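Notes to accompany the following structure.
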Amino acid sequence: MSTSVSPDARRIWRGSRIPLALLALVVAAGALLLLGRGEQTHGALEPGSYEPGGAHALAKLLADQGVDVRIAHTIDEADDALGENTTLLVTQPDLVPAKRFDAARRRAADVVLVTPGAPTLKDSLPLVRPVGQNDVGTLSPQCTVAAAVAAGDATLGGIGYAAPGARSCYPGEDGGGTLLQLADAGGTTTLLGTSAPLTNGRLADEGNAALSLRLLGQHPKLVWYLPSATDPALDDSRKSIFELIPDGWYFGAAQVGIAVALLALWRARRLGPVVTEPLPVVVRAAETAEGRARLYRRAKAADHAGETLREAARSRLRTTLGLPRDADAAALVTSVSERAGRPANDVGAVLYGPPVTGDPALVRLAGELDRVEREVERT
Numbered sequence: 116m117s118t119s120v121s122p123d124a125r126r127i128w129r130g131s132r133i134p135l136a137l138l139a140l141v142v143a144a145g146a147l148l149l150l151g152r153g154e155q156t157h158g159a160l161e162p163g164s165y166e167p168g169g170a171h172a173l174a175k176l177l178a179d180q181g182v183d184v185r186i187a188h189t190i191d192e193a194d195d196a197l198g199e200n201t202t203l204l205v206t207q208p209d210l211v212p213a214k215r216f217d218a219a220r221r222r223a224a225d226v227v228l229v230t231p232g233a234p235t236l237k238d239s240l241p242l243v244r245p246v247g248q249n250d251v252g253t254l255s256p257q258c259t260v261a262a263a264v265a266a267g268d269a270t271l272g273g274i275g276y277a278a279p280g281a282r283s284c285y286p287g288e289d290g291g292g293t294l295l296q297l298a299d300a301g302g303t304t305t306l307l308g309t310s311a312p313l314t315n316g317r318l319a320d321e322g323n324a325a326l327s328l329r330l331l332g333q334h335p336k337l338v339w340y341l342p343s344a345t346d347p348a349l350d351d352s353r354k355s356i357f358e359l360i361p362d363g364w365y366f367g368a369a370q371v372g373i374a375v376a377l378l379a380l381w382r383a384r385r386l387g388p389v390v391t392e393p394l395p396v397v398v399r400a401a402e403t404a405e406g407r408a409r410l411y412r413r414a415k416a417a418d419h420a421g422e423t424l425r426e427a428a429r430s431r432l433r434t435t436l437g438l439p440r441d442a443d444a445a446a447l448v449t450s451v452s453e454r455a456g457r458p459a460n461d462v463g464a465v466l467y468g469p470p471v472t473g474d475p476a477l478v479r480l481a482g483e484l485d486r487v488e489r490e491v492e493r494t
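Here it is as structure tokens:
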């Protein structure tokens, strides 16, 4: 037993199969991304990345020295991993809201920040100010920070920092320290002007490995936090797209709207109301029938014209008598004969007689058909 598919169903399937295939492809790709999401292997300072800008080598050295490295890609993951005797490394501190950043900083014993910018300094470290931008290269420590003294020369540079009472290391061209360490009762906060000494590509240079291991491995546990702009927990701190639009744009948009409205009013008054125009030619319905009759006459097709008249009359009679459209000749003739009071033979000759052989006969047939219809309608 086979199941037939209607033309509409086939048409719907043909029209929707491409969008459905694309939707299935997107869903499959999303599922693969979700199922395959494990250790990240790409990205700056990513512990699972073997790229020059990644940090797999440093993470491996820390693990070999017994440091429990906890990788966090969201602020909630970082909060869950923080605790006593923990170092917190934040690779992009400017992405973290001040309240969440300060809360995480208080829970960590020591904090290392990579290239913090104006947002972080203004909201969380107001005493620190940036001092110029320096080329990344080999610099000497010139300070008393134990990690820097033990490492010696290292690859530093980038942003220089200065703060009262802070220990400044690896000074740049503008005098600011490209490694700055602040100490308080809770621990230390170290600012790095560049991520270079932590990366795979530079870890083996100069004293970068020693500096990185001493900064990040001084406690049994390290929370390696890589903030992301897609972290849903940070949504409450983001501005909407409308908040990012400058105020002047709203004023400009209002002016454009007013100009468009005035232009529409001006054009409407100029064009005036809609004017209806009569058709150039009005054709009476009877002219169509007359035209067809002339064509039949010119072609000497009286027989075809007669059959056309008979078929039209038979169709109207079936409707008047309430007969089905496929009623046979005998049923129609009997019904017409009974209704009109005419002999069945006369009715049959009019409705189903021989073909018409000339114009006079065609005229007589038209009259007979008209009389039969009037008699049926009268009764």
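Read left to right, the sequence shown gives residues 116 to 494 (my numbering).
Every residue, glycine too, gets a C-beta built ideally from N, C-alpha and C.
This structure is a prediction, so every number in the text was calculated from the model and none was measured.
Could you pull the start and end residues of the alpha helix (DSSP H) that S430 belongs to? Here residue 430 corresponds to residue number 315 of the sequence shown, with the count starting at 1. A417 to L436 is the extent of the alpha helix (DSSP H) around S430.
Three-state secondary structure (DSSP) of D441: Residue mapping note: residue 441 aligns to position 326 of the sequence shown, counting from 1. DSSP places D441 in coil when its eight states are reduced to three.
To which residues of the same chain is T230 closer than 7 Å at the C-beta, ignoring the five residues directly before and after it? Along the sequence shown, read from residue 1 onward, the residue named residue 230 stands at position 115. G273, I274, L307, G308, T309 and S310, listed in sequence order.
Using only the alpha-carbon positions, how far apart do L228 and A178 sit? Position 113 of the sequence shown, counted from the start, is the residue given in the question as residue 228. Position 63 of the sequence shown, counted from the start, is the residue given in the question as residue 178. Rounded to the nearest angstrom, the two C-alpha atoms are 20 Å apart.
Looking at the strands, I want to know which residues DSSP matches up with Y340. As a first step, residue 340 must be located in the sequence shown, where it is residue number 225. Answer by DSSP bridge pairing, in chain order: A187 and V205.
For N249, which of helix, strand or coil comes out of DSSP? Counted from its first residue, the sequence shown places residue 249 at position 134. N249: strand per DSSP, three-state reduction.
Endpoints, the beta strand (DSSP E) within which A292 is located: Against the sequence shown, residue 292 aligns to sequence position 177. Inspection of the sequence shows that residue 292 is occupied by Gly rather than by Ala. Segment G292 to D299, the beta strand (DSSP E) holding G292.
What is the rounded straight-line gap between the Cα of R185 and the Cα of G232? Counting from 1 along the sequence shown, the entry for residue 185 is found at position 70. Counting from 1 along the sequence shown, the entry for residue 232 is found at position 117. Using only the alpha carbons, I get a separation of about 25 Å.
Quick one: what does DSSP say Y285 is sitting in, helix, strand or coil? Translated into positions along the sequence shown, residue 285 becomes position 170. In the structure shown, Y285 sits in a strand (DSSP, three-state: E or B).
When the cut-off is 7 Å and only beta carbons count, does G332 lie next to chain B? The displayed structure is made up of one protein chain only, and chain B is not part of it.
Would you grab the beta carbon distance between Y340 and A170 for me? Rounded to a whole angstrom, and I think it's under 8 Å. Translated into positions along the sequence shown, residue 340 becomes position 225. Translated into positions along the sequence shown, residue 170 becomes position 55. Actually they do not touch by this definition, with Cβ atoms about 13 Å apart.
Can you tell me whether T293 is buried or exposed? The criterion is at least 16 other CB atoms within 10 Å of its CB, across all chains shown. To locate residue 293, count along the sequence shown from 1; it is residue 178. T293 is buried by the Cβ-count criterion.
Between which two residues does the alpha helix (DSSP H) holding D238 run? Looking up residue 238 in the sequence shown gives position 123. First-last of the alpha helix (DSSP H) with D238: A233 to D238.
Thinking C-alpha only, which one of D299, R282, A281 and D320 is nearest L271? The residue labelled residue 271 in the question sits at position 156 within the sequence shown. The shortest C-alpha separation from L271 is found at D320.
Using the three-state DSSP reduction, which class does T303 fall into: helix, strand or coil? To locate residue 303, count along the sequence shown from 1; it is residue 188. If DSSP states are grouped into helix, strand and coil, T303 belongs with the strands.
Under 7 Å between C-beta atoms of L176 and V338: Walking along the sequence shown from the start, residue 176 turns up at place 61. Walking along the sequence shown from the start, residue 338 turns up at place 223. Going by C-beta atoms, L176 is not nearer than 7 Å to V338.
Touching by the beta-carbon criterion (3+ pairs, under 8 Å), the region 435-455 and the region 476-494: yes
Suppose you measure from the CA of I190 to the CA of T259; what does that come to, to the nearest Å? Reading the sequence shown from its first residue, position 75 is the one you call residue 190. Reading the sequence shown from its first residue, position 144 is the one you call residue 259. Approximately 33 Å, taken between the alpha carbons.
Exposed unless 16 or more other CB atoms sit within 10 angstroms - verdict on R221: Within the sequence shown, residue 221 is the residue found at index 106, counting from 1. Answer is exposed; the Cβ neighbour count stays below 16.
Inter-residue CB distance, P279 and L240 (contact presumed, cutoff 8 Å): Translated into the one-based positions of the sequence shown, residue 279 becomes position 164. Translated into the one-based positions of the sequence shown, residue 240 becomes position 125. That belief does not hold up - the Cβ atoms of P279 and L240 are roughly 12 Å apart, past 8 Å.
Straight-line Cα distance separating A143 from A224: Within the sequence shown, the letter at position 109 stands for residue 224. Within the sequence shown, the letter at position 28 stands for residue 143. Approximately 44 Å, taken between the alpha carbons.
Whole angstroms is fine: what's the gap from E483's alpha carbon to E392's? Mapped onto the sequence shown, residue 483 falls at position 368. Mapped onto the sequence shown, residue 392 falls at position 277. Rounded to the nearest angstrom, the two C-alpha atoms are 44 Å apart.
Which whole-angstrom value describes the C-beta separation of L254 and Y285, a residue pair presumed to lie in contact below a C-beta threshold of 8 Å? The residue labelled residue 254 in the question sits at position 139 within the sequence shown. The residue labelled residue 285 in the question sits at position 170 within the sequence shown. Their Cβ separation, rounded to whole angstroms, is 4 Å, which keeps L254 and Y285 in contact under 8 Å.
Please report the distance separating the alpha-carbon of R409 from that of T472. Counting from one through the sequence shown, the residue named residue 409 turns up at place 294. Counting from one through the sequence shown, the residue named residue 472 turns up at place 357. Their Cα atoms are separated by approximately 16 Å.
I need the DSSP call for D346, collapsed to helix, strand or coil. Counting from one through the sequence shown, the residue named residue 346 turns up at place 231. Three-state DSSP puts D346 in coil, outside helix and strand.
Beta-carbon contacts of Q296 that lie in its chain and below 6 Å, excluding the five residues immediately before and after: Taking the first residue of the sequence shown as 1, we reach residue 296 at position 181. Within the same chain, Q296 has close Cβ partners V260, R282, T303 and T305.
CB L326 to CB A269, shorter than 7 Å? Within the sequence shown, residue 326 is the residue found at index 211, counting from 1. Within the sequence shown, residue 269 is the residue found at index 154, counting from 1. Closer than 7 Å, so yes.
Exposed or buried, what is T201 when buried is set at 16 or more other beta-carbons lying within 10 Å of its beta-carbon? Position 86 of the sequence shown, counting from 1, holds the residue named residue 201. T201 should be labelled buried.
If we ignore side chains and look at the alpha-carbon of each, how far apart do L318 and D217 end up? The count along the sequence shown starts at 1 and reaches residue 318 at position 203. The count along the sequence shown starts at 1 and reaches residue 217 at position 102. Looking at the two C-alpha atoms, the distance is approximately 29 Å.
DSSP on D217, reduced to helix/strand/coil? Counting from 1 along the sequence shown, the entry for residue 217 is found at position 102. DSSP places D217 in helix when its eight states are reduced to three.
Between which two residues does the alpha helix (DSSP H) carrying D225 extend? Within the sequence shown, the letter at position 110 stands for residue 225. Note, D225: premise wrong, no alpha helix (DSSP H); beta strand (DSSP E) at D225 to V229.
Throw me the rounded Cβ distance for the D209 and P234 pair, which I believe falls under 8 Å. Position 94 of the sequence shown, counting from 1, holds the residue named residue 209. Position 119 of the sequence shown, counting from 1, holds the residue named residue 234. With 8 Å as the limit, D209 and P234 qualify as a contact, their Cβ atoms being about 5 Å apart.
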